[in-house]
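Using my numbering, you'd call the opening residue of the sequence shown number 3 and step up by one each time. For each residue, glycine too, the CB sits at the ideal point set by N, CA and C. Just so we're clear, the structure is a prediction, and the values are computed from it rather than from any experiment.
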Amino acid sequence: KLKAIFFRYDIDFIPPWCEKKILKGRLIKKRNIIIQQDPFETNRSIDFIMVSFQAPAKRDKTRRNKNLIGLVLFCVVYALVSVVSDTPQNITTSRFLRSEGNDAENSKRAIAMISFGESAAKSTLVERAVLSIRRRGKFDGQVVLITDAPEERYDGAFDENVIVMQSKDEDMKIGYFYDEAMKYKRYKTLIPQYFDSEPDLDEIEHIYYMDIDMMMGAPFQSLVNGLDEKYGTESIPSDGNDKIFMFSDPLSATYVVNSGFIALDREKSRRCLESWRKEMDANPGFPKDQLSLNEVFEKSGEDENYGCEIVPMEHENYLRYTVNESFMLNMMDEEVYPNLIHIYNSCKAEKFSETSTELFVSDVLMLSEEEKAKHGYGKAVITPSKTDWESTQRRLPELAVEEEDDGHEDLTYFGA
């Protein structure tokens, strides 16, 4: 047997047909190759994989040549591993990260998220999202979090390319909306303004917003390339309407799009975001930000000079919702994940067993046993119930759903 060491960072050297199984730490013997994790990796700050090549029974000369090649490779890489510091890695530094895409282009892109409220601050949702971006997403560029959590909440939690920005109270409109969650969702419309206030983000041209209850399951670069090729997300004409791009909502016939993921052009999306914010402020009784988007979508279709276009995108293989346990387990069995995975964290998540959820999330995040035990990132996160029709009606008795003469509910106010 010939032995060699591969950095996990250089995992592309490993044949693709066995990459998934390497990440799960399984022993494989396939095509005369045996692959297993080195037992000493827990003592290193950079992980590596021991690969044993089982040479076929051929002429001695061939075997000697392979021995020599394997020995040289082993010595070179082992020398590199030997000089690595034993300092533990930051938990968000991917053990499997190999950034994909053009560095010059990625320097113009950033991923944005918002996290508001006590329950979000106490959860691990933000950490999970960032881990997925770095690991499965293979994106090492700027990630920006806008939050009202105390500064110490995320102090030292992330790598240097994660920027945590404190929200401004004047942007929240406290006590204005009937549903408290709407004051937080308003910040989605202010993302470019927050970017403008941070000099380190001056080079960013394209912003991709994602909710913190989403995780990346495949390289970010493939998502960017696919959406731009089909919808022109990064090629908006300078002399045309502003645009924002969102996925259609498969779980509701009420909403044109879902605002959990938004592709933005830093300059050519502002009029759309401003129109969306105006509709929110003009309709404080709306229980969902998608209803304000419905208004923008309708008005932009009626007025060609409106200056904004909302572009619905099809899910295809880009986005999946964890609608049930069997769906999650099937994705695990197939070992293929979409670019974006929406993880339920409301009352719907309570219907799933904690074991299934933990297995699924841990697999998507590629968590080590240490990470599972120490940080609990794989555990199910159940936040307080989000706004539903009933709670909205309790807050707005004058807007309560009434029975019409034909016995059907009148849902006109809610955009149905």
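Membership of residue 267 in the beta strand (DSSP E) is indicated by the continuous run 263 to 267. In this model, residue 269 and residue 286 are separated by some 27 Å (Cα to Cα). Residue 309 is not a Cβ neighbour of residue 218, given a cutoff of 8 Å. The three-state reading of DSSP puts residue 361 in helix, counting H, G and I together. Judged by pairs of C-beta atoms under 8 Å, the region 160 to 177 does not touch the region 233 to 252, as fewer than three such pairs exist.
Between residue 266 and residue 193, the CB-CB gap stays under 8 Å. With respect to residue 220, residue 341 sits close: the two C-beta atoms are nearer than 8 Å. Between residue 131 and residue 212, the gap from beta carbon to beta carbon is short of 8 Å.
For residue 111, the enclosing beta strand (DSSP E) stretches over residues 111 to 117. In the DSSP assignment, residue 216 is bridged to 344.
The Cβ neighbour count for residue 190, taken over all protein chains shown within 10 Å, is at least 16; the residue is labelled buried.
Distance from the CA of residue 383 to the CA of residue 276, rounded to the nearest whole angstrom, comes to 32 Å. Looking at the DSSP output, residue 229 shares a beta bridge with no other residue. Proximity of the region 355 to 366 to the region 232 to 251 falls short of the contact definition, fewer than three beta-carbon pairs being nearer than 8 Å.
Under DSSP, residue 167 takes part in a beta bridge, and its partners are 148.
Taking C-alpha positions only, residue 324 is separated from residue 166 by approximately 28 Å. With a threshold of 16 other beta carbon atoms within 10 Å, residue 239 falls short and is exposed.
Proximity to residue 271 across 242, 155, 307 peaks at 242, based on C-alpha coordinates. Cα atoms of residue 115 and residue 288: separation of roughly 22 Å, rounded to the nearest angstrom.
In the DSSP annotation of this structure, residue 311 is not part of any alpha helix (DSSP H); the continuous beta strand (DSSP E) holding it starts and ends at 310 to 315. The beta strand (DSSP E) runs lying completely inside the region 277 to 341 and spanning 3 residues or more are 310 to 315, 321 to 323, given in chain order. When DSSP states are grouped into helix, strand and coil, residue 211 belongs to the strand group. Beta-carbon to beta-carbon, residue 262 and residue 216 are separated by about 6 Å, close enough to satisfy the 8 Å threshold. Here DSSP, grouped into helix, strand and coil, assigns residue 249 to strand. Residue 111 and residue 208 do touch by the CB rule: their CB atoms are close to 5 Å apart, below 8 Å. If you draw a straight line from the Cα of residue 293 to the Cα of residue 257, it comes to about 7 Å. In the three-state reduction of the DSSP assignment, residue 181 falls in the coil class, being assigned neither a helical nor a strand state. Classified as buried, residue 151 has 16 or more neighbouring CB atoms from the shown chains inside 10 Å of its CB. Residue 173 carries a helical assignment under DSSP once its states are collapsed to helix, strand and coil.
In this structure, residue 320 lies away from residue 177, with their beta-carbon atoms at least 8 Å apart. Comparing C-alpha distances from residue 142 to each of 377, 372, 222, 204 shows the shortest one belongs to 222.
In the structure shown, residue 105 adopts helical secondary structure according to DSSP, grouped into three states. Residue 119 is positioned such that its CB atom lies no closer than 8 Å to that of residue 196. Taken atom to atom, the span from the alpha-carbon of residue 356 to that of residue 368 is near 18 Å. Burial check for residue 290: the Cβ neighbour count within 10 Å reaches 16 or more, so the residue is buried.
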